[in-house]
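Shown next, in structure tokens, is the structure this report addresses.
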Amino acid sequence: MKILLLGSGGREHAFAKALAKSPKIDQLYIAPGNAGTAACGIQISLKATDFDAIYSFCVAENIDLIVPGPEDPLVAGIVDYFSEKAAHGGRQILVAGPSKYAAQLEGSKDFSKAFMLRHGVPTAAAFTVTKDTLEEGYAFLDSLQAPYVLKADGLAAGKGVIITPSLEEAKRTLEDMVVNETFGKASEKVLIEEFLHGIEISVFAVSDGKDWKFLASAKDYKRIGEGDTGLNTGGMGAISPVPFADEVFMSKVADRIATPTFEGLKQEGHPFKGFLFIGLMNCNGEPKVIEYNVRMGDPETESIFTRLQTDMVDLVSSIASGGIGALPVTLDPRTAATVFLVSGGYPGDIEKGKLMQIPAAVGDCVYYHAGTAQSEQGVITSGGRVLAVTAMGHSIAEARDLAMKNAQTIQFEGCYFRRDIGNDLMEYEQQHD
Ligand code: AMP
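Numbering-wise (my numbering), the sequence shown opens with residue -6 and increments by one.
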């Protein structure tokens, strides 16, 4: 199989490593990739949303299958583009991802909320506001208890969610979002949501449009500071699996959330093919959906794929052309802990181009490159989130400690990482022993 992987983050390095080690791969291309993915295949410069250029490249190189890492090409309709090409006499190139319609589960929070209500999927109460319905929005805010959650409808690079304890500030921010379009077109519509109390968890599933299966559970750590403080980031670390995602909890997620979601899309004529990320709040043992993503998450992917034993070529080709029902999805039962090394100043202004020292990992530990590039002097930083260190262990503490031990050996100016990844889950385990 010849596969083209789209993206350049830690998630894509995890995909690239898993694809490259499959005996079924003939050639892997990564567009654009990073300093780590360079060892897994041929890097090429293609924009993930330039479908004409991607199509021409795939025809020229006889690509069989495209694996989109990030959401942008999916929300922009890469799957529909390639199936239309094939329907009009073009080459048949498979894409392991959902259609544009199904990708709205991530691309529009308003669509996804309405979808959940249509199919009885448990989620936070919400009200959608435009500039013509601001007054109703204020009244809905008045009816809620603090803190207040505001969400830009469209894609806002993970920054479109505002949570504030102040009703006044919530009203001001709401007005700013819809009237001044603080997030551009993404905040023409804004969802006001009931705040859900509990512990967050991400659950990942795969589907080929007919059958679906769980991949794994994971927890990510979004805030920059230890103890979940400070600004939101793309993700500072992850743990997989999550201790409270036991059989009872996962069967609730299956029956009340995953099955109605996949069946709902089938009923609407748009069966879901791809990776589905379900962001949940565990509200006293009852799962409620916070959001869907229509692709793998980053850094959860780094933790989950380190545990995954199923052949990645089998997995992505089954997603695209059927066979998920018969494919055994197996995972290492141990825990994976991912600690993300980030640039100084992140998530604000960062300095790039810092030379990195990356000694070989010790123990059962892997490095996934994210914001790195190759220079004549060696590997340099090229983004905010730089390198994901993922280690395996028989407990969260063992995995996290090994990840930290390795993280401490990696050097670049301004390097920062959180040392408390998994602490909350360890506390949970102690309380429920
Ligand atoms: P989202 O982009 O929808 O995942 O929101 C980003 C983050 O905001 C989530 O990971 C949660 O930590 C938080 N969040 C979003 N919606 C809610 C909610 N209704 N209640 C509590 N926290 C929320």
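Backbone N, C-alpha and C fix where the C-beta goes; we use that ideal spot for every residue, glycine too.
Computed from a predicted model, the values in this text were never measured in an experiment.
Counting beta carbon pairs with one atom in the stretch 123 to 135 and one in the stretch 271 to 280, are three or more of them shorter than 8 Å? In this structure the stretch 271 to 280 does not lie against the stretch 123 to 135, because fewer than three pairs of beta carbons, one per stretch, are closer than 8 Å.
Sort out for me which residues DSSP pairs H362 with in a bridge. Along the sequence shown, one-based indexing puts residue 362 at 369. Per the DSSP secondary-structure output, H362 pairs in a beta bridge with L380.
Check whether the stretch 218 to 236 touches the stretch 69 to 89, taking contact to mean three or more Cβ pairs, one atom from each stretch, closer than 8 Å. Contact between the stretch 218 to 236 and the stretch 69 to 89 is absent: fewer than three C-beta pairs spanning the two stretches fall below 8 Å.
Looking at the strands, I want to know which residues DSSP matches up with K(-5). Along the sequence shown, read from residue 1 onward, the residue named residue -5 stands at position 2. BP columns for K(-5) point to Q20.
Residues near S210 in its chain [Cβ-Cβ closer than 8 Å; skip 5 each side]: The residue given as residue 210 occupies position 217 in the sequence shown. So the list reads I194, S195, V196, F197, S233, P234, V235, A238, M243, once near-sequence residues are dropped.
When DSSP labels each residue in this structure, what does P66 get in the three-state scheme? Against the sequence shown, residue 66 aligns to sequence position 73. Helix.
Heavy atom of the ligand AMP less than 8 Å from the Cβ of K178, yes or no? Within the sequence shown, the letter at position 185 stands for residue 178. For the ligand AMP, not one heavy atom lies less than 8 Å from the Cβ of K178.
According to DSSP, what are the bridge partners of R216? Residue numbering aside, residue 216 sits at position 223 when the sequence shown is read from its first letter. Under DSSP, R216 shares a beta bridge with N225.
Given a cut-off of 9 Å on the beta-carbon distance, is the pair V379 and C408 in contact? The sequence position of residue 379 within the sequence shown is 386, counting from 1. The sequence position of residue 408 within the sequence shown is 415, counting from 1. Taking 9 Å as the cut-off, the beta carbon of V379 is found closer than this to the beta carbon of C408.
If I follow the unbroken alpha helix (DSSP H) through F265, where does it start and stop? In the sequence shown, residue 265 corresponds to position 272, counting from 1. It is not in any alpha helix (DSSP H) - F265 carries neither H nor E in the DSSP assignment.
Taking buried to mean at least 16 other C-beta atoms within 10 Å of its own C-beta, is V282 buried or exposed? Position 289 of the sequence shown, counted from the first residue, corresponds to residue 282. Burial call: buried.
Please tell me whether, using a cut-off of 8 Å, the distance from the CB of E186 to the nearest non-hydrogen atom of the ligand AMP is below it. Taking the sequence shown and counting its residues from 1, one reaches residue 186 at position 193. Yes, the beta carbon of E186 sits closer than 8 Å to at least one heavy atom of the ligand AMP.
Would you check whether the ligand AMP has a heavy atom nearer than 8 Å to the C-beta of G153? As a working mapping, residue 153 is identified with position 160 in the sequence shown. The beta carbon of G153 sits closer than 8 Å to at least one heavy atom of the ligand AMP.
Determine, using beta carbons only, whether G364 and G0 come nearer to each other than 9 Å. Position 371 of the sequence shown, counted from the first residue, corresponds to residue 364. Position 7 of the sequence shown, counted from the first residue, corresponds to residue 0. Result no, Cβ atoms of G364 and G0 do not sit closer than 9 Å.
How do the stretch 279 to 297 and the stretch 93 to 109 stand: do at least 3 beta-carbon pairs fall below 8 Å, yes or no? Taking one beta carbon from each stretch, the stretch 279 to 297 and the stretch 93 to 109 have 3 or more pairs nearer than 8 Å; the two touch.
Determine contact between the stretch 104 to 120 and the stretch 331 to 346, defined as no fewer than three beta-carbon pairs at a distance below 8 Å. Taking a contact to require three or more Cβ pairs closer than 8 Å, the stretch 104 to 120 and the stretch 331 to 346 do not qualify as touching.
A145 to L184, Cα distance in whole Å? The residue given as residue 145 occupies position 152 in the sequence shown. The residue given as residue 184 occupies position 191 in the sequence shown. Rounded to the nearest angstrom, the two C-alpha atoms are 6 Å apart.
Using only the heavy atoms of the ligand AMP, determine whether one of them is closer than 8 Å to the beta carbon of N225. On the sequence shown, residue 225 is found 232 positions in, with the first residue counted as 1. N225 Cβ: within cutoff of the ligand AMP.
Alpha-carbon to alpha-carbon, I37 and Y22: As a working mapping, residue 22 is identified with position 29 in the sequence shown. As a working mapping, residue 37 is identified with position 44 in the sequence shown. Straight-line spacing of the CA atoms in Y22 and I37 works out to 7 Å.
Quick one, are the C-beta atoms of V60 and A41 less than 9 Å apart? Within the sequence shown, the letter at position 67 stands for residue 60. Within the sequence shown, the letter at position 48 stands for residue 41. Against a cut-off of 9 Å, the Cβ pair of A41 and V60 comes out as no contact.
Proximity test, L189 beta-carbon vs the ligand AMP heavy atom, cut-off 8 Å: Here the question's residue 189 lines up with position 196 in the sequence shown. The answer is yes for L189.
For the 8 Å Cβ check, are there 3 or more pairs between the stretch 165 to 173 and the stretch 210 to 225? No, the stretch 165 to 173 is not in contact with the stretch 210 to 225.
Whole-angstrom distance between G377 and K203, CA atom to CA atom: What you label residue 203 is simply residue 210 of the sequence shown in a count that begins at 1. What you label residue 377 is simply residue 384 of the sequence shown in a count that begins at 1. Cα-Cα distance, rounded: 39 Å.
With a threshold of 16 other CB atoms inside 10 Å of the CB of V52, please say whether the residue is buried or exposed. Taking the sequence shown and counting its residues from 1, one reaches residue 52 at position 59. V52 comes out exposed.
Residue environment, G262, which counts as buried when at least 16 other CB atoms sit within 10 Å: Your numbering for residue 262 matches position 269 in the sequence shown. So G262 counts as exposed.
Taking Cβ positions, are V306 and S15 nearer each other than 9 Å? In the sequence shown, residue 306 corresponds to position 313, counting from 1. In the sequence shown, residue 15 corresponds to position 22, counting from 1. Taking 9 Å as the Cβ cut-off, V306 and S15 qualify as a contacting pair.
Compare the Cα-Cα distances from L39 to each of P25, A330, D45 and report the closest residue. Translated into the one-based positions of the sequence shown, residue 39 becomes position 46. Among P25, A330, D45, the Cα nearest to that of L39 belongs to P25.
Tell me which residues share the same chain as G341 and place their Cβ nearer than 8 Å to its Cβ, disregarding the 5 neighbours each side in the sequence. One-based indexing of the sequence shown puts residue 341 at position 348. So the list reads L224, once near-sequence residues are dropped.
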